[in-house]
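Below is one structure, written out as structure tokens; the observations come after it.
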Amino acid sequence: MYETLVKALRSLPSDAKEAIVNHSFIAPVFLKALGFKPEECFPQYPTGKGADAVDYALRHNTDDDIFLHTKSHPYILLELKGRDKDLSEGSASYTSTVKQLKGYLLAPNCKTVQWGIITNSDYIQLFKKHGKVIYPASLCLKITPDNVGAIVEDIKQKIENISRALTVAIYNNKGGVGKTTTTVNLAAVLTLHGRKTLIVDFDPNQQDLTNSLGIKPAKESLYSCLEDKNNRVNLNDLINPYIFKFKNLNKEFKFDIITADDKLFEEREDKLYQIFKLHRFRQVLNNFKNKYDYILIDSCPNWRFFSQSAIYACDVVLIPAKHNNIFSLKNAAVAIRKFIPEIQRIRKDGSPIALPIFFNGEKITEAQRITAHYGIDSIIEQARKDRDNKFDLLPYFYPRFTNATKDRYIFDLPSYAHIANTAFERIPAAYKYKIAYDYYINLAKEYFLQ
Amino acid sequence: MSNLSDIGNLMLLYINEIKPNEGTNTPKFLITATAKTLSSLGGRNWVPLIVKEIGEDRYEVIGNSFIYAVAEEAGLEKVWCIIADSSEETAKLTKVLSREETPKINLSTATRDEIKDALQYLIEKPNSVLKSVKLLVATNRIDEAPRQYWQNFEPITKLKCGITKGKKINALKEVFYLIPQPMPDVIKDPTILNTLPTAELKKMAKKRSKVGYSKKKKNDLVELLSQ
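Chains as they are written, first to last, in this note's numbering: chain U, 2 to 451; chain Y, 356 to 582.
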């Protein structure tokens, strides 16, 4: 089936420039193999940001909507390079090409895009876009005549199976940085903006989330669900709805919660590793992927069974930190350069990735900000110089930093006394106080909503 | 462009042939100290003046006015200049590029991120009148308001985000402008309806021949009209 693909690949010169790769590989065979007809591929698609144009935008036609004519609602973007550019992961041109693709994916005309591909016919990588979040959906793979069929088949399968939800683990292995408050209020504002949201309280030691919203345990326990591989458990029985009624508007908002049960808590750690594989929790969550827009996992502050399972199950990790707590910053760095890559190595699809950290719920004076920057600078420097595990932490701490601007911007969620107090009232602060709503919707828009 | 045109060229021009235009408001110290540095380090202005041609051997500064002031102070007879074209656009662009004018963004269509960055710029300026404004609150309330229809900035004062009439609202004009869309004939967007007075909503309901509006409260009216 993929013979033409193999043939075209074999006939490409090893130093083929972009135009040649396009002319003899991408345009005639590759796009077709992905399942796109010529009138479903728009070359040099204008992204709407300045004069930027991406090499290809793709979308399947519907009855009266030919993509080549209407140019509306692109679904996939493809950025092409020549073989003279090295696209192996970590190379300079790889980094700049990924950055270029991300810029296109977030451009005004590309809001409907769900996937991005970079390739030079030597290497290929698939990215998934969900709102503002872009994360790898495959490793950066070396293409050979032997595996090209399998790679294309894999990409095709991924892009044809639409998974609706973005799974976010809220994690910092330092406690007390406001993970639970962040999770609850993020769910609250996403729900207000019409996004269907599921929270998983995956911190059975504390069960803060469950308690803070006054939720009673559901009919089925997460334990039995993790244990059950024969679909005996009705997954809907696992879910607890949290309903909030705005009396003055006469409107209801609802998000769902899966609570951790006592049985998980009571089980000894070493026993848990014996009964459950790390990927088991991800398998359970996959059943919910098409029912929600966001799945938020409130994970516990350590690096053991529960947090490992949570990171394994998620697409991206959101890391709250405190500017005045150097340990929360150091721990964030450890999570980014050690724990998350550990899981990436087992998952083999390039994910999960960490989102840039943010400062949670403190007032920051100018002097404190400088101290925090000083601390972060040295953490970054240390990781860069580490001989055993050299790592560039810069984009995770200072996402806007470039050599030209040296911008040390970190998103900060200011303090607001009522946010902490609402835990007693069993209502997310974002529902009760307008300012809390303003704060958390900013967090949601900064990271997730486009 | 013909080869005889000087546009785009770097040229060494007599300073007395150049009209300084509006000049610069840079503090005296910076001008005299820079002039001294210029004289002691070779006397060539490596950062050029940007001028346009306004007649035979006559030019006018359109950007880097600071350099003109320094050259004058240092007593240079000739200065290095780049000749730009004489269009309005080029003059405007050069002013923005040489940071003599703050660029503005269209608040009717700006994204939330653009609004946030612009407000942060205003709030963090030295002696800002907006110092007490909470960045995230103002950003979100402006972002979520029906700003595509705003004719002026006045509706911002009703958002309760600390930006009040007078000095504060005027400060916004430094970075924002508006190109409003016309209000649609039939408004169904609840966020816009909510900004209108109840009497106005009742008039609308009458016009759209809705039934039973007269005793309804504002929230119910909004719901009725948004259907």
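We put the CB at the ideal spot given by N, CA and C, even for glycine. Values in this document were obtained by computation on a predicted structure and should not be read as measured data.
- Under a criterion of Cβ atoms nearer than 8 Å, the residues of chain U adjacent to residue 496 of chain Y are, in order, 439.
- The beta strand (DSSP E) runs lying completely inside the segment 488 to 534 of chain Y and spanning 3 residues or more number zero.
- In the assembly as shown, residue 451 of chain Y is an exposed residue. Its beta-carbon has fewer than 16 other beta-carbons within 10 Å.
- C-alpha of residue 71 of chain U to C-alpha of residue 284 of chain U: approximately 39 Å in a straight line.
- Taking C-alpha positions only, residue 425 of chain Y is separated from residue 414 of chain U by approximately 45 Å.
- Using a C-beta cut-off of 8 Å, the segment 338 to 350 of chain U makes contact with the segment 384 to 403 of chain U, since at least three inter-stretch Cβ pairs fall below that distance.
- For residue 467 of chain Y, the neighbours in chain U by C-beta distance under 7 Å run, in chain order, 446.
- In this structure, residue 56 of chain U lies near residue 44 of chain U, with their beta-carbon atoms less than 8 Å apart.
- Counted as a single uninterrupted DSSP element, the stretch harbouring residue 163 of chain U is not any beta strand (DSSP E), since DSSP gives it neither H nor E.
- Listed in chain order, the positions of the segment 411 to 423 of chain Y with a beta carbon within less than 7 Å of a beta carbon of chain U would be empty, since no residue qualifies.
- Using a 10 angstroms sphere on the CB of residue 274 of chain U, the tally of other CB atoms stays under 16, which defines it as exposed.
- With a 10 Å radius around the Cβ and a threshold of 16 neighbouring Cβ atoms, residue 300 of chain U comes out buried.
- Straight across, the Cα-Cα distance linking residue 374 of chain Y with residue 427 of chain Y is about 12 Å.
- When rounded, the separation of the alpha-carbon atoms in residue 391 of chain U and residue 91 of chain U is 12 Å.
- In terms of Cβ geometry, residue 311 of chain U and residue 298 of chain U form a close pair [threshold 8 Å].
- According to the DSSP assignment, residue 57 of chain U belongs to the beta strand (DSSP E) that extends over 54 to 59.
- In the three-state reduction of the DSSP assignment, residue 178 of chain U falls in the coil class, being assigned neither a helical nor a strand state.
- With respect to chain U, the C-beta atom of residue 461 of chain Y has no partner C-beta closer than 8 Å.
- The beta-bridge partner set that DSSP reports for residue 116 of chain U consists of U:77, U:129.
- By the rule that beta-carbons nearer than 8 Å mark a contact, residue 250 of chain U touches chain Y.
- Annotated three-state conformation of residue 144 of chain U is coil, per DSSP.
- Going by DSSP, residue 559 of chain Y is part of the alpha helix (DSSP H) stretching over 553 to 562.
- Around the beta carbon of residue 502 of chain Y, a 10 Å sphere encloses 16 or more other beta carbons of the protein chains shown; the residue is thus reported as buried.
- The secondary-structure analysis by DSSP pairs residue 253 of chain U across a beta bridge with U:246.
- Taking 9 Å as the cut-off between beta carbons, the residues of the segment 563 to 574 of chain Y near chain U are 574, in sequence order.
- Here DSSP, grouped into helix, strand and coil, assigns residue 341 of chain U to helix.
- One finds nothing in chain Y with a Cβ atom closer than 7 Å to the Cβ of residue 77 of chain U; even the nearest lies about 23 Å away.
- In this structure residue 254 of chain U does not touch residue 182 of chain U by the C-beta definition: roughly 18 Å separates them, more than the 8 Å allowed.
- Taking C-alpha positions only, residue 410 of chain U is separated from residue 108 of chain U by approximately 21 Å.
- For the pair residue 81 of chain U and residue 120 of chain U, the CB atoms are nearer than the 8 Å cut-off.
- In this structure, the alpha-carbon of residue 482 of chain Y lies about 20 Å from that of residue 370 of chain U.
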